[in-house]
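Asker: Sharing a structure below in structure tokens format, with a few things to ask.
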Amino acid sequence: MPNNTCQEFARILGSTIIMSSESSCVVSRMRDIAVTILGRTSTSPLTLAAMFSYESPDDQGRTLNLGETVILPREVNPFIDVLRDNGIIITALHNHWLFERLRLMYIHFEVIDNPLSFARNVAEAFEILNFRITENTLE
Numbered sequence: 006m007p008n009n010t011c012q013e014f015a016r017i018l019g020s021t022i023i024m025s026s027e028s029s030c031v032v033s034r035m036r037d038i039a040v041t042i043l044g045r046t047s048t049s050p051l052t053l054a055a056m057f058s059y060e061s062p063d064d065q066g067r068t069l070n071l072g073e074t075v076i077l078p079r080e081v082n083p084f085i086d087v088l089r090d091n092g093i094i095i096t097a098l099h100n101h102w103l104f105e106r107l108r109l110m111y112i113h114f115e116v117i118d119n120p121l122s123f124a125r126n127v128a129e130a131f132e133i134l135n136f137r138i139t140e141n142t143l144e
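Going by the numbering used here, the residue at position 20 of the sequence shown is 25; the numbering climbs one at a time, nothing skipped.
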């Protein structure tokens with residue numbers, strides 16, 4: 006049974022709980038991006054998932070909070086701006102796949118903070134992302 010903090014963490018992030026213990030939680034949500042890899046449609050979590058976790062609480066209830074999400078190149082700078090404004094550290098931005106259409110990037114981020122504060126800050130950044138994306142929605 007997931008703990009109450011994990012349930013609230015997942016709710017704030019619009020995510021599904023993957024794993025929960027007394028002091029840790031992993032959640033995931035999918036983006037709806039029409040993408041192909043090697044000419045084949047992909048809806049795999051390896052392609053379109055966003056994942057978030059918290060673990061290792063300290064005496065003040067602050068945890069190690071981690072996140073990763075698929076992101077389109079045009080979304081990168083606005084997304085990073087919101088994360089940074091909220092004190093979240095960007096640790097990586099890179100691709101995972103070759104020969105994909107639309108171009109997908111993956112961004113990783115981290116912070117020591119209260120897990121629900123982290124969830125609210127990330128949810129704010131996610132507000133700028135369009136979750137249903139096709140080639141027709143691109144400028």
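Note that CB positions come from ideal geometry on N, CA and C, so glycine has one too.
Could you check the C-alpha separation between I23 and A130 for me, to the nearest Å?
Answerer: Looking at the two C-alpha atoms, the distance is approximately 22 Å.
Asker: To the nearest angstrom, how far is it from the Cα of I85 to the Cα of L69?
Answerer: The straight-line gap from Cα to Cα measures roughly 19 Å.
Asker: Out of L53, E115, V32, state which residue places its alpha-carbon closest to the alpha-carbon of N100.
Answerer: Comparing Cα positions, the closest option is L53.
Asker: For L71, does the three-state DSSP call read helix, strand or coil?
Answerer: The answer is strand: DSSP assigns L71 an E or B state.
Asker: What is the DSSP secondary structure of S49, reduced to helix, strand or coil?
Answerer: In this structure, S49 counts as coil in the three-state DSSP scheme.
Asker: Out of H113, S26, N9, L51, state which residue places its alpha-carbon closest to the alpha-carbon of W102.
Answerer: Comparing Cα-Cα distances from W102 to each of H113, S26, N9, L51, the minimum goes to L51.
Asker: Starting from the N-terminal side, write out each stretch of the beta strand (DSSP E) that is 3 residues or longer and does not extend beyond the stretch 10-57.
Answerer: Fully enclosed beta strand (DSSP E) runs of 3 or longer: 21-25, 30-35, 40-42, 45-47.
Asker: Please name the residue, chosen from E132, I17, C30, N9, that lies closest to P83 on a Cα-to-Cα basis.
Answerer: Among E132, I17, C30, N9, the Cα nearest to that of P83 is on E132.
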